[in-house]
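Letter by letter, the sequence shown follows residues 119 to 537 of the numbering used here.
All C-beta atoms, glycine included, are put in the ideal place defined by N, C-alpha and C.
What follows is one structure encoded as structure tokens, with my remarks underneath.
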Amino acid sequence: MNVHSHSAAHRPMALVKGVRDAVLSSPGGPDRLLLPRPLWLRIPIGLILLGMTIGFTAGTIAIPLNIYRPAPPVSAAWFLGLAQALPLLVAPRWPLLAWRISALGFLTSIPMMEGRNFWAWPVTAWLAFMLMLFMVGVGCDRQTTVGVGTVTIVGVLVPGSVFGAMPGWFGLILAALVIMALTFGDAIGGRSAAEQSLREQEELRRKDLARAAVLEERARIARELHDVVAHHMSVIAMQAEAAPYKIPDLPDAARQTFGVVRDAARDALTETRRVVGLLRSDDEGAERAPQPGLNLLEDLLAGARRSGLSVELTIVGVPREVSAGVDLSAYRIVQESLSNASRYAPGSRVLVEIKYARDALRVTVTDDGARTTPDDSQGGGHGLVGMHERVTMLGGTLSAATHEGGGWQVVAELPYGED
């Protein structure tokens with residue numbers, strides 16, 4: 119009972135919306151040309167439509183002047199001919215606009231042509247009007263099409279039957295023709311829309327397949343890279359662990375260096391497995407180890423100190439919870455900066471400052487070691503490029519340049535954003 123009541127209440131509202139869209143909507147219909155895409159079809163059909171418009175307009179002007187008795191004024195015949203048939207020229211682009219002008223011309227001609235003929239409109243004007251209704255059905259949504267049919271029957275045909283001395287049975291025939299033209303156009307337009315949707319879905323599927331192929335290849339490369347790096351890192355860690363037992367009377371400094379190498383290899387192996395290890399399993403429930411963040415900053419600094427750097431940490435402001443992306447990026451920026459300092463300025467003094475500003479997290483890493491710009495010629499990789507990419511992705515800024523006294527400073531501002 120509730121379902122039927124809802125449907126019955128919904129139909130009048132849909133009809134009212136369709137009538138409103140048909141009469142008041144500002145665009146004149148679809149913003150596309152209702153002609154075939156290929157030029158070899160579009161040009162001939164356009165020329166045929168132009169010829170039909172000229173012929174229908176000329177016939178709409180000539181028929182009242184030569185057949186209707188008494189003949190209307192020439193100016194009235196020209197006005198009604200241009201208003202009723204000429205809008206067919208713009209109907210392929212703006213069918214609603216063409217229908218409105220033509221329907222207004224049909225309504226205006228009722229009092230002007232009353233008593234002059236069997237019905238108030240020339241047959242050529244009606245043929246042009248049928249083509250406009252067909253294009254409305256092709257180019258507009260169904261609610262608008264229903265509204266156009268309702269307005270045409272109630273607002274044009276009924277006054278034509280009541281005030282234009284047109285028989286009621288003939289008005290019913292014209293109403294049936296209106297419904298047929300709109301229904302046929304709606305069927306053609308629906309099929310065209312379905313075919314367009316299928317083409318779009320096929321294109322999206324093709325892009326998805328290409329993207330999936332790229333991702334699958336990247337995953338394969340990542341798995342191979344993981345295997346290679348894991349093997350060699352394991353070898354490095356084991357050799358560094360075994361070196362103090364193989365070499366008798368090893369100096370303490372060398373023993374400490376082997377320890378740093380061992381710890382660095384283990385950390386690299388752990389992070390490699392953390393980032394890439396998930397690719398080895400197709401199980402959606404596979405374990406996802408958390409990414410490092412500022413909570414592990416002390417461990418990172420301790421490792422840098424073991425490698426020979428003198429590192430100091432300063433936290434400015436009240437620590438607050440930040441998004442996972444900002445947390446990970448801040449950690450990686452400090453990690454890469456310390457790695458660069460250890461590589462290009464070994465034994466230098468490094469100051470790490472984490473500032474919790476109002477709108478952004480500011481990370482500053484400064485060392486006092488004299489060096490040149492880290493680049494590939496010195497054995498560097500893509501550390502600065504990676505930092506720039508991380509910061510840009512988060513909408514922040516990054517600067518990396520030499521500092522006073524010959525040191526190097528990296529400053530990154532990471533907006534907090536949303537978690």
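Cross-strand partners of residue i (DSSP beta bridge)
| i | result |
| --- | --- |
| THR375 | DSSP, once it has assigned bridges, lists no residue as partnering THR375. |
| VAL483 | VAL470, VAL528 |
| SER220 | None, per the DSSP bridge assignment. |
| SER517 | VAL529 |
| ALA478 | PRO533 |
Where the beta strand (DSSP E) containing residue i begins and where it ends
| i | result |
| --- | --- |
| GLU522 | Premise fails: GLU522 is in no beta strand (DSSP E) and is neither H nor E. |
| VAL471 | Sequence check: residue 471 is Glu here, not Val. Start and end: 467–474. |
| ILE433 | 428–434 |
Beta-carbon spacing of residue i, residue j below 7 Å
| i | j | result |
| --- | --- | --- |
| LEU249 | LEU198 | no |
| VAL483 | VAL440 | no |
| VAL379 | ALA358 | yes |
| VAL266 | VAL254 | yes |
| ALA478 | PRO437 | no |
| LEU183 | ALA194 | no |
| LEU446 | ALA422 | no |
| VAL256 | ILE291 | no |
| ASP485 | ALA459 | yes |
| ILE451 | VAL481 | yes |
Alpha-carbon spacing of residue i relative to residue j, whole angstroms
| i | j | result |
| --- | --- | --- |
| GLY443 | LEU512 | 8 Å |
| MET351 | ARG384 | 7 Å |
| LEU157 | LEU168 | 16 Å |
| LYS325 | THR510 | 26 Å |
| TRP237 | PHE247 | 15 Å |
| GLY497 | LEU343 | Because the pLDDT of GLY497 is 42, which lies under 50, any placement of that residue in the model is unreliable, and the question is left without a value. |
| ALA201 | ALA331 | 58 Å |
| ALA530 | VAL503 | 13 Å |
| SER279 | ILE166 | 33 Å |
| PRO285 | LEU275 | 11 Å |
| PRO369 | ALA328 | 57 Å |
| GLY403 | TYR462 | Summary for GLY403: the model assigns pLDDT 45, below 50, so the residue's position carries little reliability, and this model does not support an answer. |
| ILE335 | ALA386 | Here residue 335 is Glu; the residue named in the question, Ile, does not match the sequence. Computed Cα separation, rounded: 24 Å. |
| SER517 | SER428 | 23 Å |
| ARG260 | THR270 | 15 Å |
| ILE179 | MET170 | 14 Å |
| ILE472 | GLU430 | 11 Å |
| HIS124 | LEU204 | For HIS124, the predicted structure reports a pLDDT of 44, less than 50, and the residue's modelled location is therefore unreliable. The matter cannot be settled from this model. |
| CYS258 | TYR186 | 36 Å |
| TRP212 | ARG218 | 10 Å |
| LEU214 | GLU320 | 31 Å |
| LEU418 | LEU316 | 54 Å |
| LEU159 | PRO210 | 14 Å |
| ILE297 | SER220 | 17 Å |
| ASP494 | GLY501 | For ASP494, the predicted model reports a pLDDT of 42, less than 50, meaning its position is unreliable and no value from the coordinates is stated. |
| MET505 | LEU152 | 51 Å |
| GLY525 | PRO366 | 39 Å |
| LEU295 | GLY164 | 24 Å |
| SER227 | VAL241 | 13 Å |
Alpha helix (DSSP H) segment containing residue i, residue limits
| i | result |
| --- | --- |
| ALA459 | 442–462 |
| ILE185 | Counting along the chain, ILE185 falls outside any alpha helix (DSSP H), and DSSP gives it neither H nor E. |
| LEU512 | First-last for LEU512: undefined, no H or E at that position. |
| ASP417 | 415–424 |
| PRO277 | 276–281 |
| VAL264 | 260–270 |
| LEU251 | 241–257 |
| GLU195 | Checking the sequence, you will find Ala at residue 195 rather than Glu. From DSSP, the alpha helix (DSSP H) with ALA195 extends over 192–202. |
Cβ of residue i within 7 Å of any chain B Cβ
| i | result |
| --- | --- |
| ILE271 | Absent from the structure: chain B. Only one protein chain is present. |
heavy atom of the ligand NAP below 6 Å from residue i C-beta
| i | result |
| --- | --- |
| ALA331 | The ligand NAP is absent from the structure shown, which contains no ligands of any kind. |
*May I ask you to verify whether the stretch 182–197 touches the stretch 213–231, counting CB pairs closer than 8 Å and requiring at least 3?*
yes
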